[in-house]
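Read in order, the letters of the sequence shown are residues 7 to 254 in my numbering. Have a look at the structure below, then the notes.
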Amino acid sequence: GAAPLPRMVGAQAALEFRTLLRNGEQLLLVLIIPVLLLAAFSHEQLVNFGPGKRIDFLAPGILALAVMSTAFTSQAIATGFERRYGVLKRLGSTPLRRSGLITAKTLTVLVVELLQAVVIVAVGLALGWRPQAGGGAVAWVLLLVLAGTAAFSGLALLMAGTLRAEATLAGANLLYLVMLGLGGVVFPLTRFPAAAQPWLKLLPAGALSGGLRSVLQTGSGLPVRDLLVLAAWAVASIAITARVFRWE
Numbered sequence: 007g008a009a010p011l012p013r014m015v016g017a018q019a020a021l022e023f024r025t026l027l028r029n030g031e032q033l034l035l036v037l038i039i040p041v042l043l044l045a046a047f048s049h050e051q052l053v054n055f056g057p058g059k060r061i062d063f064l065a066p067g068i069l070a071l072a073v074m075s076t077a078f079t080s081q082a083i084a085t086g087f088e089r090r091y092g093v094l095k096r097l098g099s100t101p102l103r104r105s106g107l108i109t110a111k112t113l114t115v116l117v118v119e120l121l122q123a124v125v126i127v128a129v130g131l132a133l134g135w136r137p138q139a140g141g142g143a144v145a146w147v148l149l150l151v152l153a154g155t156a157a158f159s160g161l162a163l164l165m166a167g168t169l170r171a172e173a174t175l176a177g178a179n180l181l182y183l184v185m186l187g188l189g190g191v192v193f194p195l196t197r198f199p200a201a202a203q204p205w206l207k208l209l210p211a212g213a214l215s216g217g218l219r220s221v222l223q224t225g226s227g228l229p230v231r232d233l234l235v236l237a238a239w240a241v242a243s244i245a246i247t248a249r250v251f252r253w254e
C-alpha cells in the first residue's frame, strides 16, 4: 500500500530540494545573485540616496528579492519544464496526488527561503546592517514573507500552467528583471515619478520590499496596507490558477 501522506510529501520535498541544489542555474538565481547585489550596492560610493546607511535600505529589499527569485522565477521555470516533460502528469497519477505535490513544492520553497534568509542576514550584518526592528518584528516579517510567497507562487504556477516551457522561461526572467527595477528592491520608489509611485506600491515586489523595509529599517508595526496587497495578489492568482492550470 501507499505510504502515509506526510511521508510521501516529505520524500517529494526532499527530492525537489536536492534537484534544486544540483541545478547550478537555479542556485545562481535564488542565492548567489541576491548576495552579489547586496554586496555590490551596499557601498555608499556606488549609490547614495540620502541620509542613512545604504545597507539599512538595501538589506530588506534583497530579502524581498530572495522570496521573489525562489517562489516566482525559479518555481515557474522548474514547473514549466516539468509540465512539458510530463513529470507533473506522471506524479499526478501516483498515490502522492496533486495536492501532495503542491504541498511538497511549497515546503521546498519555504526551506530554500529560510536558507536564503540566513545567508543574506549574515552577509548584511557583516556589511554593517543593523535592523531597527521593534516589538513583534519577527512575527510581522514572517507574515509578510508568507503572504509574499503565496502571491509569487500563485503567479509562478499560473504562468507555468498556461504557457509553453520556453515562454515561461523567457517571461519569468523578464518579469524578474522588471520587478527588480520597479519593485523598490535596490532603488527607492521615491526616485520614480510621483504619479507612478502609488501603482508601483501595488505590485507584489513593491509591497513586499516596502513592508519589510518599514519593519526592519524604521521599526514600525505591521504594515497592514502592504500585507493586504500581497494577500490580494495571492488570493487572485491562486484562484485563477486553480481554474486554468493545465497539468499536461
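Each residue gets a CB set at the ideal place from its N, CA and C atoms; glycine is no exception. Treat the numbers as computed from the prediction; the structure is a model and nothing was measured.
With contacts defined as CB atoms closer than 9 Å, Arg219 and Gly67 qualify as a contacting pair.
For the pair Leu163 and Phe23, the CB atoms are not nearer than the 9 Å cut-off. Counting along the chain, the unbroken alpha helix (DSSP H) around Arg60 starts and ends at Arg60 to Met74. Taking C-alpha positions only, Ala245 is separated from Val124 by approximately 32 Å. Ranked by Cα distance from Gly160, the first of Ser226, Gln203 and Leu236 is Leu236.
The residues Leu195, in chain order, have a CB closer than 6 Å to that of Gln203 in the same chain once the five nearest residues on each side in sequence are set aside. Taking 9 Å as the cut-off, the Cβ atoms of Gln18 and Leu148 do not count as close. For Gly187, the enclosing alpha helix (DSSP H) stretches over residues Ala171 to Leu188. Val117 and Ala200 have their C-alpha atoms roughly 38 Å apart. Contact annotation, Val36 with Thr76: C-beta distance approximately 5 Å; criterion of less than 8 Å satisfied.
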